[in-house]
Every structure is written in structure tokens, then in C-alpha cells.
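Q:
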Amino acid sequence: MTSESASFLAAEVLQTFNKIFMVSSSRHYWFFMLCYLCIALAVYLHVEKKQYGSFTSYLFPAEIYKHASARTDLKIWLMLILVLKLGIFPFIFSIISSAMGVLETVTDFLAPQWQVPRTSKTPTFFDRALYTIIFTLCTDFGFFIIHYCQHKISWLWAFHKVHHSAEVLTPFTANRHHPVDYIMHATVAFSIQGLGYFAFTRFYGTDIDRLLIIQTSAIHFFYYMSANCRHSHIWLGFGPRISCLFISPAMHQIHHSTASQHYDKNFGYVLSIWDWIFKTRLIALEKESLTVGLRANERRYTGFFDMMWRPFADSLYGFKSIGRWRRRPD
Ligand SMILES: [Zn+2]
Ligand SMILES: [Zn+2]
């Protein structure tokens, strides 16, 4: 390798790590990782100190971080970074914004009375707060509904199953997604978010931005503060009242559980109201000892390449016949 290509590679790696750990819209932003550390310390001091010797052995249990599943999380994460580098996300965004452009033109033509009333008024705090709530509701419902379908429809489950094949949970399991699964998530959630923006600007009449905390939507900023615990061994419940509105990390751990009573529960991302509406909410009240991974009836992957290629074959098999569309629980 020449010194030029080595320095190019080093710059690329540095830029990628910068985006992951130094940009506040990333769940692994240094501040959110620091929050993870603080939550772990608080849980250790108040609950787990007797069971674990030192804080380090509580934070990095060998049976989790030396597990093959944790290494697979990292492999998939690196591959996803490459996929994102190929410009897949900008491509999705350009398709969605083109679709929104078409929707605007058609609406302007068919219902001119709904045209965006452009005004020069400056959005107030209330306007921005309202938009932030609508933005969160739209994005979160998008994430919920695609996640729900990924569990109920066999040819979508074929790709989502990769996420659930994790046999231990680490903060990097959050990135353990088949690229198709990731792209579906983003496309549905951002399309519904775009529709929310479309409807809001028609009603409100001017460009508006969300309430931000360091460049991140205020509600998502608070969500990210505990989000790294969702995929971890750290049990963090929010109590019965807060859990009626927000999904706690413990509730997502239940989503990964192989126990029958936890099957297809807690699909939500930030809010738990969708699970309440769809009767899939299970609030975690007391710490449970969970086994995570695929249920006994699911075929295991033989390796990384099997994990990447078999979902296409499984998905095609399920898609071909409408009778096979419904995912069978057992
Ligand atoms: Zn799932
Ligand atoms: Zn998960």
C-alpha cells in the first residue's frame, strides 16, 4: 500500500468514526455513551454490586463480550457502514423527496385551496414544540408499523430475523440489521415523517424546524440518553406510569426474549402508545432473567455469509404464495 492510499484510508476511517461518535444524531455519540456508563454505574451501585465483584466485570461480562454473537454484531456493523458509504441513504432520501414533490404538485393541482400559505411569520416556541411532537409521532409510528409488519409477514421476517438472531445483547446489537431490513425501516419511517411535514406545512404555512438539543430533535435526544441500554444486559425499567408513554430499555429486551409470554411484544421505538393500541405492549415491572435469540423452531444461520444471503431465498419463498405470508409463531 502506498503512503497516499494509506493516508486516504486513515482519513476515511477517521471521518467514519467521527460521524459515529462525534455527531449527536448518532446513538453512539460520546455523550450518549457516557450516559450509558452513568446508568450502568447507578444500576451497579444500587442493585448489582453484590452479584458482581468490580464495576468493570459488571460493565463487560466475559460471557457476553466474548460471545461469537457479539463479534457478529461488529461484523454486521462494519458492513452496514460500507453500505451507507455507498450512498444508499442519500438515494432513499432523494427518492422520498422526489415523491413528496410529486405529491405537492398533484395536491396543488387537484386542491389549490390547500396550497401552502407562505408567510413571513417567525415560528414561536409553541409552533416548534407542536411540530416536534408531530414529527416524533409520525416517525415513531413509521418505525412501529414497519417493525410490526416485519414480525407478522414471513417474507419481511426473513430479513428482520437477523436482528433477532443475536444471542447476547451489546450496544452494538442495535446495528445488527440485514441491509434490506435497515433500508425498509428507513424508507417507511421517513416516508411517514415526510407526510407529517407535508400536512403540517399545508396547515401552518411556513418553513419550520423542530426544537433541537445539539442538532438533535429534543425528544429523540432524551430517548438516546438511555437508548444504548436497550441492547445490553443492563436492566432499566421506567416504572408503570412512564412506560405507558415511553418504551423503556427493559421493554425492548423483552422484545428479544425467547419466552412464549414475550412473543411479539413491544415493537415500539420511542413511544409505547402504538403497542398499547395494537395490544402488544408488555410493561416490564420487575427484573427478569431473559434468554434472547431465535426461538427453537427457527432455522439457525451457519455463518456470516449465510446470514446475508439466505434471507433473500427465504423471503422469495415466503413471497411467492399468499398462503405463506403470515409468519407462523411455532
Ligand atoms: Zn423485532
Ligand atoms: Zn433490538
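Per my numbering, the sequence shown starts with residue 695, numbered consecutively.
We put the CB at the ideal spot given by N, CA and C, even for glycine.
Relative to the alpha-carbon of I789, which residue among H845, G888 and S983 has its alpha-carbon at the smallest distance?
A: In the sequence shown, the residue the question calls residue 789 occupies position 95. Minimum Cα distance to I789 is reached at G888.
Q: Going by other Cβ atoms of all chains shown within 10 Å of its Cβ, with 16 needed for buried, is N712 buried or exposed?
A: Here residue 712 refers to the residue found at position 18 when the sequence shown is read from its first residue. Exposed is the call here.
Q: Taking 6 angstroms as the limit between beta carbons, can you name the residues of its chain near V856, skipping five residues before and five after?
A: To locate residue 856, count along the sequence shown from 1; it is residue 162. Contacts found: H872 and M1001.
Q: Just to check, is the beta-carbon of H857 closer than 7 angstroms to a non-hydrogen atom of ligand 2?
A: For the purposes of this step, residue 857 is taken as residue 163 along the sequence shown, with counting starting at 1. Result yes, Cβ under 7 angstroms from ligand 2.
Q: Which two residues bound the contiguous alpha helix (DSSP H) that contains Y898?
A: Position 204 of the sequence shown, counted from the start, is the residue given in the question as residue 898. Start and end: P873 to Y898.
Q: Between K769 and the rest of its own chain, which residues show a CB-CB distance below 6 angstroms, the 5 nearest in sequence each way excluded?
A: What you label residue 769 is simply residue 75 of the sequence shown in a count that begins at 1. Excluding residues within five positions, the ones whose Cβ falls inside 6 angstroms are F998.
Q: Can you tell me which of I714, H854 and Y891 puts its alpha carbon nearest to the alpha carbon of E798?
A: For the purposes of this step, residue 798 is taken as the residue at position 104 of the sequence shown. Checked all of I714, H854 and Y891; the closest Cα to E798 is Y891.
Q: With 16 as the cutoff for other CB atoms within 10 Å, does A883 come out buried or exposed?
A: Here residue 883 refers to the residue found at position 189 of the sequence shown. The residue in question, A883, is buried, as its Cβ has 16 or more Cβ neighbours within 10 Å.
Q: With a cut-off of 8 angstroms, do at least 3 Cβ pairs link the region 909–926 to the region 858–876?
A: Touching, yes.
Q: Between K959 and K846, what straight-line distance do the alpha-carbon atoms span, to the nearest angstrom?
A: For the purposes of this step, residue 959 is identified with residue 265 of the sequence shown, where counting begins at 1. For the purposes of this step, residue 846 is identified with residue 152 of the sequence shown, where counting begins at 1. Distance between the alpha carbons of K959 and K846: 12 angstroms.
Q: Which class does F940 belong to by DSSP, given the choice of helix, strand or coil?
A: The count along the sequence shown starts at 1 and reaches residue 940 at position 246. DSSP places F940 in strand when its eight states are reduced to three.
Q: Quick one: give me the first and last residue of the alpha helix (DSSP H) that A999 is part of.
A: Looking up residue 999 in the sequence shown gives position 305. The sequence as given places Phe at residue 999; Ala does not occur at that position. Element bounds for F999: F998 to K1014.
Q: Return helix, strand or coil for T910, following the three-state DSSP convention.
A: Along the sequence shown, one-based indexing puts residue 910 at 216. The answer is strand: DSSP assigns T910 an E or B state.
Q: Going by DSSP, what residues sit across from S791 in a beta bridge?
A: What you label residue 791 is simply residue 97 of the sequence shown in a count that begins at 1. The partner list for S791 (beta bridge, DSSP) is empty, contrary to what the question assumes.
Q: Considering just the uninterrupted stretch of the alpha helix (DSSP H) at F838, what are its terminal residues?
A: By 1-based counting over the sequence shown, the position of residue 838 is 144. First-last of the alpha helix (DSSP H) with F838: F819 to K846.
Q: Under 7 angstroms: does the beta carbon of H722 sit that close to some heavy atom of ligand 2?
A: In the sequence shown, the residue the question calls residue 722 occupies position 28. The answer is no for H722.
Q: For R870 and V796, what's the separation of their Cα atoms in angstroms?
A: Taking the sequence shown and counting its residues from 1, one reaches residue 870 at position 176. Taking the sequence shown and counting its residues from 1, one reaches residue 796 at position 102. So the two alpha carbons sit approximately 34 angstroms from each other.
Q: Based on Cα-Cα distance, which residue from F897, D903, I886 and C732 lies nearest to T816?
A: On the sequence shown, position 122 is the one that residue 816 refers to. Nearest of F897, D903, I886 and C732 to T816, Cα basis: D903.
Q: Using only CA atoms, which one of P943, F915, A978 and A944 lies nearest to P934?
A: Position 240 of the sequence shown, counted from the first residue, corresponds to residue 934. Comparing Cα positions, the closest option is A978.
Q: Touch check for the region 983–991 and the region 944–953: three-plus C-beta pairs under 8 angstroms?
A: Contact holds: three or more Cβ-Cβ distances are below 8 angstroms.
Q: Consider the C-beta atom of H925 and the heavy atoms of ligand 1; say whether any pair is separated by less than 7 angstroms.
A: Against the sequence shown, residue 925 aligns to sequence position 231. Flag unset: Cβ of H925 not near ligand 1.
Q: Taking three-plus beta-carbon pairs below 8 angstroms as touching, is the region 825–832 in contact with the region 727–742?
A: Judged by Cβ distances under 8 angstroms, the region 825–832 makes no contact with the region 727–742, as fewer than three pairs qualify.
Q: Which two residues bound the contiguous alpha helix (DSSP H) that contains D969?
A: Here residue 969 refers to the residue found at position 275 when the sequence shown is read from its first residue. It spans I967 to I971 - the alpha helix (DSSP H) in which D969 sits, taken as one unbroken run.
Q: Identify the continuous alpha helix (DSSP H) that holds C729 and give its terminal residues.
A: One-based indexing of the sequence shown puts residue 729 at position 35. Per DSSP, C729 belongs to the alpha helix (DSSP H) from W724 to V737.
Q: Taking only three categories from DSSP, how would you classify R1020?
A: One-based indexing of the sequence shown puts residue 1020 at position 326. Three-state DSSP puts R1020 in a strand.
Q: Please classify V964: is it buried, with 16 or more other beta-carbons within 10 angstroms of its beta-carbon, or exposed?
A: Along the sequence shown, read from residue 1 onward, the residue named residue 964 stands at position 270. When all chains shown are included, V964 counts as buried.
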